[in-house]
Amino acid sequence: MSENTTAKFAVHDLDLFYGSFQALKKINFEIMPNKITALIGPSGCGKSTFLKTLNRMNDFVEGCKITGDVQLDGQDIYKSAMSEIELRQRVGMVFQQPNPFPKTIYDNVAYGPRIRGIHKKSDLDEIVETSLREVGIWDEFKDRLHKSALGLSGGQQQRLCIARTVAVHPEVVLMDEPTSALDPISTMKIEDLAVEMKEKYTIVIVTHNMQQANRISDTTAFFLLGELLEAGPTQEIFLNPKNPKTEEYITGRFG
Amino acid sequence: MTELKNESKVRVEVDQGRIQRARAVDNVWTVIFYLVALFFLLLLFAFAGYVIIKGFTGAKPEMFKFDRNGVGNYFFNTVYLVFLSLLISVPIGVMGGIYMAEYARDNAFTKFLRIAIETLSSLPSIVVGLFGYLIFLVATNSQPNLLVGAICVAILSLPLMTTTTEDALRSLPPSYKLGSMGMGATLRQTIQSVLIPACVPRIITGVILAAGRGFGEAAALLYTTGSDTNIKWNPASWVNPSLNPFNPLRRGGTLSLKIWTSFTASVGAEDIANLSSAILMIMVLSFSILAHYLEGRVKKKMGETK
Numbered sequence: 044m045s046e047n048t049t050a051k052f053a054v055h056d057l058d059l060f061y062g063s064f065q066a067l068k069k070i071n072f073e074i075m076p077n078k079i080t081a082l083i084g085p086s087g088c089g090k091s092t093f094l095k096t097l098n099r100m101n102d103f104v105e106g107c108k109i110t111g112d113v114q115l116d117g118q119d120i121y122k123s124a125m126s127e128i129e130l131r132q133r134v135g136m137v138f139q140q141p142n143p144f145p146k147t148i149y150d151n152v153a154y155g156p157r158i159r160g161i162h163k164k165s166d167l168d169e170i171v172e173t174s175l176r177e178v179g180i181w182d183e184f185k186d187r188l189h190k191s192a193l194g195l196s197g198g199q200q201q202r203l204c205i206a207r208t209v210a211v212h213p214e215v216v217l218m219d220e221p222t223s224a225l226d227p228i229s230t231m232k233i234e235d236l237a238v239e240m241k242e243k244y245t246i247v248i249v250t251h252n253m254q255q256a257n258r259i260s261d262t263t264a265f266f267l268l269g270e271l272l273e274a275g276p277t278q279e280i281f282l283n284p285k286n287p288k289t290e291e292y293i294t295g296r297f298g
Numbered sequence: 003m004t005e006l007k008n009e010s011k012v013r014v015e016v017d018q019g020r021i022q023r024a025r026a027v028d029n030v031w032t033v034i035f036y037l038v039a040l041f042f043l044l045l046l047f048a049f050a051g052y053v054i055i056k057g058f059t060g061a062k063p064e065m066f067k068f069d070r071n072g073v074g075n076y077f078f079n080t081v082y083l084v085f086l087s088l089l090i091s092v093p094i095g096v097m098g099g100i101y102m103a104e105y106a107r108d109n110a111f112t113k114f115l116r117i118a119i120e121t122l123s124s125l126p127s128i129v130v131g132l133f134g135y136l137i138f139l140v141a142t143n144s145q146p147n148l149l150v151g152a153i154c155v156a157i158l159s160l161p162l163m164t165t166t167t168e169d170a171l172r173s174l175p176p177s178y179k180l181g182s183m184g185m186g187a188t189l190r191q192t193i194q195s196v197l198i199p200a201c202v203p204r205i206i207t208g209v210i211l212a213a214g215r216g217f218g219e220a221a222a223l224l225y226t227t228g229s230d231t232n233i234k235w236n237p238a239s240w241v242n243p244s245l246n247p248f249n250p251l252r253r254g255g256t257l258s259l260k261i262w263t264s265f266t267a268s269v270g271a272e273d274i275a276n277l278s279s280a281i282l283m284i285m286v287l288s289f290s291i292l293a294h295y296l297e298g299r300v301k302k303k304m305g306e307t308k
């Protein structure tokens, strides 16, 4: 299998301000395709903010200003003609709190394809089934596709949200602390799922759980107070960190 | 260790007598508040009970008929007029609420808009009726009809629909909107496919409340709908459109107007007026209770899912 060495996301001199507060300072980073990149750091370090610049979800925060470049496959996502609609179709997101729509399981997964203009029942049936199979919940859900998604447990809801995200065949899946609200078994299932998913998608995951980053990610980036202090292959970051602050965080001296 | 007791020179004592008096006053006021609550209940029961009982005890069977002498046609007009007014006020009101919740920015224009909506909701209904009379009847040289009355009632229920929709949208978890827009949906798609469907129970409650208020509307209809009604239920008579019950451009007195005319016009029409009052009271009460019941069910359903 040949390694693709062109970056999926290329971030150059990114500064982000919430009003007068600078949340991200001169971030330079590359995210490689078909890998899991973990963003770690203590609360308030900017890792979630950075994640949200990748699919322009920061646009919804009033007073948010960005300077610098963020490129997806070489195209600037803020300055070029690419609409944020197209961007979010190509870059999906799974949130910290599972957020299924108040609809049936079927309608949740079919939501994305429907807004893309797919309305034929047989097409939607096929997409719903493959998406649920991909996430490993088809057998669990196949007999209750037309029941409300709100009746599911937290772990099931989160996996449904992942199925909903992949139903539109994105290129990148962003995950913002996807397991922090879940029990250990659901966490394990989703971690295994992420590892399987990197074959088809590029995964960027924010996590405050260092063991999780160590378990599943290929690359790890350490954020502190809005700066990207250190990034590299996960094994190196955890076994041989170069920045003393990275080592302090990893060994639990703060966090 | 330093002494932790308060060092002030003024002693704050525990005075048993003062405590007893405070508790006695507290008890007295508790009773007073309960009495006030009881007063409200008694007022409603006495009022509603009197009207309903008086209305039905004086009623003769032929009053219930759908003809010239009965209240049936007025009952139909009341329901039909409110239905027409909802056809106007619900779409416009809901869209207004969507604008206020999802599109309006935090600026002077929005503040002014909010004041305008609030003012609309406190317009005197007789003024709205006069407005309708002047603009729709005098200017177009028309006869009083149901449609103009419906428009006036719609104007009066617009603010309620707008506020209901706006509040319903604002009370939704922000995760719905973020989840939908995060998938590349536009705001319009998000509103149409996720947000409004999630608000439907609350909006329906608002519609029922607006309907209940519309039933009792009188002042706005005084000059606009015409207080008598002559409709025939035999389709053969509908050659003359003013006899067709479903023609909105015909005169259509409602129950509230029947009460008005029965008291001011002929003597001995009191029984009809009382019956009309009783029926109107029942309609308003039942819709109010229905709206509250639905509201409770919505709250329960939302609570279960949190």
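From first to last, the protein sequence lines are chains V and R. Using my numbering, read the first sequence as starting at 44 and increasing by one per residue. Using my numbering, read the second sequence as starting at 3 and increasing by one per residue. Just so you know, even glycine gets a beta-carbon here, dropped at the ideal spot from N, CA and C. For clarity, every value in this text was computed on a predicted model and none was experimentally measured.
- Among the CB atoms of chain V, none fall inside 9 Å of the CB of R/Pro146.
- Nearest in C-alpha terms to V/Pro141, of all of V/Pro221, V/Met240, V/Asp102, is V/Pro221.
- Our two residues, V/Ile70 and V/Ser91, have alpha carbons roughly 13 Å apart in a direct line.
- Counting only residues of its own chain and dropping the five nearest sequence neighbours on each side, V/Val211 has a CB closer than 8 Å to the CB of Gln132, Gly135, Gly155, Pro156, Arg159.
- Listed in chain order, the alpha helix (DSSP H) elements of length 4 or more contained wholly in the stretch 253-278 of chain V are 253-259.
- Residue burial annotation: V/Asn101 is buried, with at least 16 other C-beta atoms found within 10 angstroms of its C-beta.
- Taking the Cα positions, V/Ala237 is about 19 Å away from V/Glu183.
- The three-state secondary structure of V/Gln139, taken from DSSP, is coil.
- In the DSSP assignment, the residues bridged to V/Ile70 are V/Leu57.
- At the C-beta level, R/Leu158 and R/Leu86 stay beyond 9 Å of one another.
- Of the other Cβ atoms in all chains shown, fewer than 16 fall within 10 Å of the Cβ of R/Pro126; this residue is therefore exposed.
- By the neighbour-count criterion, in which 16 or more other beta carbons inside 10 Å mark a residue as buried, V/Asp150 falls on the buried side.
- Annotated three-state conformation of R/Thr188 is coil, per DSSP.
- Around the beta carbon of R/Arg204, 16 or more other beta carbons sit within 10 angstroms, so the residue counts as buried.
- Contact between the stretch 243-252 of chain R and the stretch 277-285 of chain R is absent: fewer than three C-beta pairs spanning the two stretches fall below 8 Å.
- A direct Cα-Cα distance of roughly 16 Å separates V/Leu268 from V/Glu290.
- The alpha carbon of R/Val96 has as its nearest neighbour, out of R/Pro146, R/Leu180, R/Tyr76, R/Thr165, the alpha carbon of R/Thr165.
- Between V/Asn283 and V/Cys88, the alpha-carbon positions lie close to 22 Å from each other.
- At a cut-off of 9 Å between C-beta atoms, R/Pro199 counts as an interface residue with respect to chain V.
- Taking C-beta atoms as the reference points, V/Ile246 and V/Ile79 count as a pair closer than 9 Å.
- By the C-beta criterion, the stretch 213-227 of chain R is judged to be in contact with the stretch 127-137 of chain R, since at least 3 inter-stretch pairs fall below 8 Å.
- When DSSP states are grouped into helix, strand and coil, V/Thr147 belongs to the strand group.
- Restricting attention to V/Ile148, V/Lys68, V/Phe266, the CA atom closest to the CA of V/Arg187 is found in V/Ile148.
- Judged by their CB atoms, V/Arg99 and V/Ile74 are not nearer to each other than the 9 Å cut-off.
- Setting aside the 5 residues that flank it on each side, R/Gly151 is surrounded in the same chain by Leu83, Leu223, Thr226, Thr227, each with a C-beta closer than 6 Å to its C-beta; the list follows chain order.
- Residue contact with chain R for V/Phe138: present (Cβ-Cβ distance below 9 Å to some residue of chain R).
- With a cutoff of 9 Å on beta-carbon distance, R/Val196 and R/Gly181 are scored as near each other.
- For the 9 Å CB-CB criterion, V/Asp56 and V/Gly111 form a contact.
- Taking 9 Å as the cut-off, the beta carbon of V/Ala192 is found closer than this to the beta carbon of V/Pro145.
- Separation of R/Ser10 and R/Val33 (C-alpha to C-alpha, rounded to the nearest whole angstrom) is 38 Å.
- Cβ contact annotation for R/Ile281 (same chain, cutoff 8 Å, sequence separation greater than five): Gly57, Val73, Phe77, Leu257, in chain order.
- V/Ile109 and V/Ile248 have their C-alpha atoms roughly 21 Å apart.
- Residue-level contact check: V/Gln118 does not touch chain R, since none of the beta carbons of chain R fall below 9 Å from its beta carbon.
- If only complete runs of 4 or more residues are kept, the stretch 110-182 of chain R shows the alpha helix (DSSP H) at 110-123, 127-134, 148-172, in order along the chain.
- Counting C-beta atoms within 10 angstroms of its own C-beta, R/Ile137 has fewer than 16 neighbours from the protein chains shown and is therefore classed as exposed.
- Chain-order list of chain V residues neighbouring R/Tyr178: Asn142, Phe144, Pro145, by C-beta distance under 8 Å.
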